[in-house]
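Here is the structure we will look at, set down as structure tokens.
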DNA sequence: CTCCCCCCTGGAGCGCGCTCCAGGGCAAAC
DNA sequence: GTTTGCCCTGGAGCGCGCTCCAGGGGGGAG
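Residue numbers (the working numbering), protein chains in the order written: chain A, 284 to 433; chain F, 284 to 433.
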């Protein structure tokens, strides 16, 4: 999982003709291939603009949208759900529906955070177990070393 | 990702002959197939005991070990890393090495938690945006709706 | 004895999310 | 003019972590 945004790039830094796909990829911390993949999969609000040569050009609105996608992906939303959300956002006047999707996702993320924290606590117990030297003092790797989560 | 442990099952509840793979799977919240897969992949401290008929039998030590695996998987440690850790734990007298693996994993989990929290904050900003009705008041799905993370 | 259920093995299959490749184009730099 | 570098498309390939299947067996209930 690449880190979020390499260069925050305020809108005014975007040249008039937009960014190439390579530049956009660098900005939002994704690969060129991934950007094209997302477009194919319908995760972009609109297909990217094209230069006369046929090359994609990215503008502030595209980068903003992509930042949202990165955020949803980064919290584990599957591609198909992001596609569904994108389709909702393409239609107007359904703010309640968008809100519902986001709130539901928020719940899942909270649960996931919670579970990770519980597992982390168990790992830390185990670490303590080794730090205090209890691990060195007990023979089997097995009966003694485990069950830090109890 | 299935939840952790369905029945905590204290050691004294385990019948003398051990649990079948189906029972063990239920206890640790994994599927029977996954348990066999983990064994094949070398994630078990020792291969499971077998009944005379050839069926696997699980005892407290196995369930303890598996609880540890669930915890590592549940915090995103890849199978191959768990295998490496398992191999370390099969040898004796390398508590420092085990500790190092666990501490490194802890660091990664903390980073991951942090990133998730940042993304979550962005999602919550966006939720607020819709809750306050700002979403309904601005025309495009695009320029207005996004960039909650700024 | 017959059912039925769970177990066994080896191996194939799958869903996900990319990632890479072949074959080709445009255009700025040398 | 040619080299370089990034871009294009369609489609194949891949690593991961399971999950399922065929074909077969044991063993307790009725």
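Glycine included, each C-beta is placed from N, C-alpha and C at the ideal position.
Beta carbon of residue i, beta carbon of residue j: below 9 angstroms?
i: residue 256 of chain A; j: residue 317 of chain A; result: In the structure as shown, chain A begins at 284 and stops at 433. Residue 256 of chain A is therefore absent and cannot be evaluated.
i: residue 358 of chain A; j: residue 358 of chain F; result: no
i: residue 307 of chain F; j: residue 355 of chain F; result: no
i: residue 410 of chain F; j: residue 389 of chain A; result: yes
Can you find the residues in the same chain that come closer than 6 angstroms, C-beta to C-beta, to residue i, ignoring five residues on each side of it along the sequence?
i: residue 384 of chain F; result: 368
i: residue 299 of chain F; result: none
i: residue 332 of chain F; result: 340
Name, in chain order, the residues that DSSP records as bridge partners for residue i.
i: residue 329 of chain F; result: Answer by DSSP bridge pairing: none, since residue 329 of chain F is not bridged.
i: residue 302 of chain A; result: A/341
Please classify residue i as buried or exposed, where buried requires at least 16 neighbouring CB atoms within 10 angstroms.
i: residue 370 of chain A; result: exposed
i: residue 350 of chain A; result: buried
i: residue 405 of chain A; result: buried
i: residue 326 of chain F; result: buried
i: residue 375 of chain F; result: exposed
i: residue 337 of chain F; result: exposed
Only counting the same chain, and skipping five residues up and downstream in sequence, which positions put a Cβ closer than 7 angstroms to that of residue i?
i: residue 328 of chain A; result: 348, 369, 372, 373
i: residue 395 of chain F; result: 359
State the CB to CB distance for the pair residue i and residue j, rounded to an integer number of angstroms; the pair is presumed to be in contact (CB under 8 angstroms).
i: residue 393 of chain F; j: residue 414 of chain A; result: Residue 393 of chain F to residue 414 of chain A, Cβ: 17 angstroms. No contact.
i: residue 297 of chain A; j: residue 343 of chain A; result: 6 angstroms
i: residue 312 of chain F; j: residue 341 of chain F; result: With 8 angstroms as the limit, residue 312 of chain F and residue 341 of chain F do not qualify as a contact, their Cβ atoms being about 14 angstroms apart.
i: residue 324 of chain A; j: residue 366 of chain A; result: 6 angstroms
i: residue 419 of chain F; j: residue 380 of chain A; result: Residue 419 of chain F to residue 380 of chain A, Cβ: 12 angstroms. No contact.
Can you list, in chain order, the residues of its chain with a C-beta nearer than 8 angstroms to that of residue i? Leave out the 5 residues immediately preceding and following it.
i: residue 416 of chain A; result: none
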